[in-house]
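Here my numbering is used: the first residue of the sequence shown is 1, the next is one more, and so on.
Glycine included, each C-beta is placed from N, C-alpha and C at the ideal position.
Reviewing the structure listed below.
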Amino acid sequence: MDCECLATCPFFNDQMADKPATSELLKNQFCKGNFEACARYIIFKSAGREHIPANLFPTQRDHVDQILKDLQIQ
Ligand code: SF4
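Below, the structure is given as C-alpha cells:
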C-alpha cells in the first residue's frame with residue numbers, strides 16, 4: 001500500500017527535484033513501502049500536514065520527538 005500523502009507530498013518536488021536517484025530510493029523504501037516509519041508521515045499523523053517541516057527527510061525519525069515537543073504535542 002502507498003502512503004496516503006504520496007500524491008501531494010511536497011518533499012519530492014521541493015527538496016528532491018534535482019536528485020532523482022535518491023528520490024526513487026526513498027519512495028521505494030518509505031512512500032511505497034514502510035511509510036509508517038517516515039518522519040514526515042509521523043508528524044502528519046500526530047500534528048497535521050501544516051506542521052511538517054519542509055526540509056524534514058523521511059529518514060529523520062530522530063527529529064520527530066523534538067518537533068512534537070516544540071509543538072507541545074508530546
Ligand atoms: S515522504 Fe513520507 S509523508 Fe511523504 S509520501 Fe513519502 S512516506 Fe508519505
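Item	Value
When DSSP labels each residue in this structure, what does alanine 75 get in the three-state scheme?	Residue 75 lies beyond the residue range present for the chain, which begins at 1 and ends at 74; the question has no answer from this structure.
Return yes when the Cβ of aspartate 2 is within less than 8 Å of the Cβ of lysine 45, no when it is not.	no
Confirm, please, whether the CB-CB distance from arginine 40 to proline 58 is below 8 Å.	yes
Helix, strand or coil for alanine 54, going by three-state DSSP, please let me know.	coil
At what residues does the alpha helix (DSSP H) containing arginine 49 begin and finish?	No alpha helix (DSSP H) contains arginine 49, which DSSP labels as neither H nor E.
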